[in-house]
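In what follows, a single structure is set out as structure tokens and then discussed.
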Amino acid sequence: MVYSAASACLWLALGSLAPAALARSVGPRDAVPAGYYAPSYYPAPHGGWVDSWRDAYDKAYALVSQMTLAEKVNITSGTGIYMGSHALTLPQGMVCVGNTGSVDRLGFPQLCLQDGALGVGSADNITAFPAGITTGATFDKALMYARAVAMGKEFRGKGTNIHLGPSVGPLGRKPLGGRNWEGFGSDPVLQAKAAALHIKGIQEQGIIATIKHLIGNEQEMFRMYHVFQEGYSANIDDRTLHEIYLWPFAEAVRAGVGAVMTAYNAVNGSACSQNSYLINGILKDELGFQGMVMSDWLSHISGVDSALAGLDLNMPGDTNIPLFGNSLWMYELSRSVLNGSVPVDRLNDMATRVVAAWYKLGQDKNHPRPNFSSHTRNREGALYPGAVFSPSGQVNWFVNVQEDHYLVARQVAQDAITLLKNNDSFLPLAASPLAGGKLSVFGTDAQVNDKGPNACMFRACNKGTLGMGWGSGVAEYPYMDDPISAIRRRVPDVEFYNTDSFPWFFGQPADDEVALVFLSSDAGENTFTVEGNHGDRDSSKLAAWHGGDKLVQEVAKRFRNVVVVVHTVGPLDLEQWIDLPSVKAVLFAHLPGQEAGESLTNVLFGDVSPSGHLPYSITRKASDLPDSIANLKGFTFGQVQDTYSEGLYIDYRYLNKHAIKPRFAFGHGLSYTTFSFTNASITAVTTPLSTTPPPPGAKPETVSSKYTTALPAASEAYEPSNFHKIWRYLYPWLSRKDADAAHAIGTSGSKPYPYPEGYTTVQRASAPPAGGAEGGNPALWDVAFEVSVKVTNTGKRPGKASAQLYVQFPEGIEYDTPVVQLRDFEKTQELQPGESETVRLVLTRKDVSVWDVVRQNWVVPKGKGGFKAWVGEASDKLFLACDTEEGKCEGGLTPPV
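All residue numbers for the sequence shown refer to the working numbering, where the first residue is 5 and numbers rise by one.
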């Protein structure tokens, strides 16, 4: 999500066209293609039945059981867009991206929810870390965790409660997708392991992490419901949902994530914020999620329906058109409980989930309060920026939380740099020979924007070095160490041409001169349009921005030695110049954040060997992928239908299935040295593997069953007398007249609300077969096989190797499966020439299972022979295979791709 002064104007304009009352249920769904379903699933499962959350739920019950109706309602919704803390509730201003209500009487504070994906968003004195896609390119679990720890410390230091990340949706299905860069790559396992480590690092600092966006938000355009059009429907079959898009969410829940954010769009025709099958059935029941489910900003489109479907927190509290301070919850939720439309039991569980997450992360003890404003860098500012008339006060304390986190940021940026091509071992450059000659640098991407790195709101421009995409996932740069500054620190004679067109006056360089060409490709959230790109790369497609492809060709005509450096949100079409003889080397530096300079020169000049690997494939042409994923969905009347007809086959899975050779495959990355993979062995850890995991037992009793379900008194929602309201601030109270009227309906025994088909309030006694614990059936996480392999540096320079394990299912099984699928990865320490390290990789039961849509369970299929665990450096560079049935590993085999 993202909002700004500019987007506020847009909402205000749309508001004049909005209906007077938006507190409504959505009408009948548009038809989706045959075979795609969003069945009803009720009731919303209670939280608190998992042992690791039991203490937090006991504490939450003790607190929530003392709350009135209005107090429970107040903590399940935001107080309104651009609205901060109420002046009576905090001694200081609190203007976060989102603020919940509080229960001051009992010591439960307003919660501060804050973006972004690579640092504390809309705040000063923080670190702008490399983006998620950059982090994924490291293929380094230790760095993924270290980045999260540093980021978590900064979120805590700024006084936030909830970090709105990590993002694993979009997963990267569409190469043109606008927000792919916020996630970790176009593979569910890479996304899953990176997200779990991110959650661990963030939550160890006492900050609630939020996994997002559930689910199917794979392009930006047409994702939102609004007065003119419904958000698009991502039509996903059950097996694809489980094996691809849900996989990272399952791993996140297993890691104990405290919050989940729903997507703007629909899945199989049902809006994600009120999709009972996704929230109640899959997330809370099958995956055993114990925390709170929140809406994305302004994605809340119904009051009662969303509550019944399992939504726990409405953010930022307003209706789709945040104009006059209307809400579908807050005072309307109080009304819905009093009139019997929303069961008291559901409200109790909503409030308990919010409070339990707060206790689980220890925020009841010495947690700092917010010390910054998302709306101004000044000391003083409006306490309620969304109000027409707002009192002012101190809103920024300028707390510096950076510590030495630049070192982690630089390490991630450096170890993500991916060497795609290096003809004749041209790189690394030798600084001393260059010192006697000249280095020519071309492209505006080499130097920071001359108006400053933060000149464009939410980074919604592509000027200067591209360190991050645009939208809500960004952070403010404290500084930008740009490439040209770092290069000049290394080489005395550098000629920089700060242009994306080749200079017409350029002479003939000497044969040994070197040219560096910098290219970029940007994307972001569709709240902003940048150079014709509406979030997604719908205008630029896979071409380099600003005519960069032509620039490379022009430079390559003059120079015999050209190195191309690319800052990009995702794959590009390199075919116009990749095979040119003078293009000796190509580096993808991804999105490096603030540490773009030294991280690059460390690699360029050979201080370290590059060790990044592509977190996506780069095809030779866009049409190498099927239309359903190569192209974006365009405008149509009615609901846009984005049907996942390719099923499991995205990225390298599709290319392998159809024997299409990419330009550079998923996982590809060269080094200045070489490695061997030898002495492999495989051990069966859990034997024998039953076809399906053991069934889960009955759920234990939860604290939610202890609450009274009697209709509360109308007086519990009465508006306090002599209370000064702030215009557009959202409150949970009703007038005495409205509260009494709603209560009269609730006690009359009538059924005022048209409940969905299958609606019930009776809790299920046990989890589904695939459930039983956080993340799913606990047996799914049992290690089935362990593979160890000796990695040796066989070259002449130090370097780090990436060991990637891909599973190949047995022949003759009844399920169609991709040729190979990533299942684990490990990065070695820096190995000196001749040095070795033994790497351990694992396959879990889930790794060797498929989702059976009939059994609604994970199944280990039986076929001819065993599973093969292939180990190598990339999806198309596999060196050896271990057979799970024979228990042997062998090199020299012909890889399957």
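Quick reminder that beta carbons are idealized off the backbone N, C-alpha and C, glycines included.
Beta carbon of residue i nearer than 8 Å to that of residue j
i: K162; j: V124; result: yes
i: Y86; j: D241; result: no
i: Q643; j: Y236; result: yes
i: R595; j: G673; result: With the sequence shown as reference, residue 595 is identified as Leu, and Arg is not the correct amino acid for it. No, the Cβ-Cβ distance between L595 and G673 is not below 8 Å.
i: E384; j: K442; result: no
i: N318; j: L332; result: yes
i: T138; j: A198; result: no
i: Y917; j: L636; result: In the structure as shown, the chain starts at 5 and stops at 901, and residue 917 therefore has no counterpart that could be examined.
i: P179; j: L546; result: yes
i: A600; j: A721; result: no
i: V257; j: E208; result: no
i: S2; j: A121; result: Residue 2 is absent from the model: the chain starts at 5 and stops at 901.
i: M265; j: N530; result: no
i: N606; j: K588; result: no
Where residue i sits in the DSSP three-state scheme
i: P265; result: Inspection of the sequence shows that residue 265 is occupied by Met rather than by Pro. DSSP places M265 in strand when its eight states are reduced to three.
i: M155; result: helix
i: R339; result: helix
i: A420; result: helix
i: N861; result: strand
i: E407; result: coil
i: G895; result: strand
i: K741; result: helix
i: Y281; result: helix
i: A495; result: Rather than Ala, the amino acid found at residue 495 in this sequence is Val. Coil at V495, not helix or strand.
i: W474; result: strand
i: C886; result: strand
i: M148; result: helix
i: N78; result: helix
i: T93; result: Only weak support is given to the placement of T93: the predicted model assigns it a pLDDT of 46, under 50, and the value that follows is read from those uncertain coordinates. Three-state DSSP puts T93 in coil, outside helix and strand.
i: C116; result: strand
i: S333; result: Ser is not the amino acid found at residue 333; the sequence shown has Trp there. Coil at W333, not helix or strand.
i: A25; result: Note that A25 has pLDDT 34, beneath the 50 cutoff, so the model's placement of it is unreliable and the number below is only indicative. Of the three classes helix, strand and coil, the one that applies to A25 here is coil, per DSSP.
i: E830; result: strand
i: V359; result: helix
i: E602; result: helix
i: V172; result: coil
i: G39; result: coil
i: Y810; result: strand
i: R160; result: helix
i: S20; result: Any reading at S20 must be qualified, since the residue scores a pLDDT of 27, below 50, and its modelled position is unreliable; no value is offered.
i: G102; result: strand
i: K197; result: helix
i: W53; result: coil
For residue i, the residue or residues it bridges with in DSSP
i: T687; result: E790
i: A878; result: K881
i: T469; result: In DSSP, T469 forms no bridge with anything.
i: Y501; result: F446
i: N537; result: V534
i: S770; result: A702
i: H167; result: Q118 and A213
i: K868; result: E815
i: G397; result: G385
Distance cut-off 7 Å: residue i Cβ against heavy atoms of the ligand GTP
i: P724; result: In terms of ligand content, the structure shown is empty, and the ligand GTP therefore cannot be addressed.
For the segment 221–236 and the segment 191–198, state whether three or more C-beta atom pairs, one from each stretch, are separated by less than 8 Å.
A contact is defined here as three or more CB-CB pairs under 8 Å, and the segment 221–236 fails this definition with respect to the segment 191–198.
Quick test of the definition: if touching needs 3 or more C-beta pairs under 8 Å, does the segment 153–168 touch the segment 365–379?
By the criterion of at least three beta-carbon pairs nearer than 8 Å, the segment 153–168 is in contact with the segment 365–379.
Whole beta strand (DSSP E) runs in the segment 652–725 with 3 or more residues, listed along the chain?
DSSP runs (the beta strand (DSSP E)) wholly in the segment 652–725: 679–688.
Do three or more CB pairs link the segment 566–581 to the segment 516–524 at distances below 8 Å?
Per the Cβ contact rule, the segment 566–581 is in contact with the segment 516–524 (3 or more Cβ pairs under 8 Å).
Answer yes if the segment 582–592 comes into contact with the segment 456–476, meaning at least three C-beta pairs across the two stretches below 8 Å, and no otherwise.
Not touching, per the Cβ criterion.
So, do the segment 385–405 and the segment 730–748 have three or more beta carbon pairs nearer to each other than 8 Å?
Proximity of the segment 385–405 to the segment 730–748 meets the contact definition, three or more beta-carbon pairs being nearer than 8 Å.
Three-pair Cβ contact test at 8 Å for the segment 353–372 versus the segment 60–74
Between the segment 353–372 and the segment 60–74, the count of Cβ pairs shorter than 8 Å is three or higher; the stretches touch.
Three or more C-beta pairs closer than 8 Å, one from the segment 784–796 and one from the segment 839–857: is that the case here?
With contact defined as three or more Cβ pairs closer than 8 Å, the segment 784–796 and the segment 839–857 are in contact.
Taking contact to mean at least 3 C-beta pairs separated by less than 8 Å, is the segment 770–780 in contact with the segment 658–668?
The segment 770–780 is not in contact with the segment 658–668.
Can we say the segment 288–300 touches the segment 777–793, given the rule of at least three CB pairs closer than 8 Å?
Because the criterion of three Cβ pairs below 8 Å is met, the segment 288–300 and the segment 777–793 touch.
Below 8 Å, how does it come out for the segment 113–120 and the segment 128–138: are there three or more Cβ pairs, yes or no?
By the Cβ criterion, the segment 113–120 is not in contact with the segment 128–138, since fewer than three pairs of Cβ atoms, one from each stretch, lie closer than 8 Å.
Quick one: complete beta strand (DSSP E) runs, 3+ long, within the segment 564–609?
As far as the segment 564–609 is concerned, its whole beta strand (DSSP E) runs of at least 3 residues are 566–572 and 587–592.
Would you call the segment 682–694 and the segment 882–899 in contact, with 3 or more CB pairs under 8 Å?
Yes: at least three Cβ pairs fall under 8 Å.
Count Cβ pairs between the segment 556–563 and the segment 488–495 that sit closer than 8 Å; are there 3 or more?
Result no; under three Cβ-Cβ pairs closer than 8 Å.
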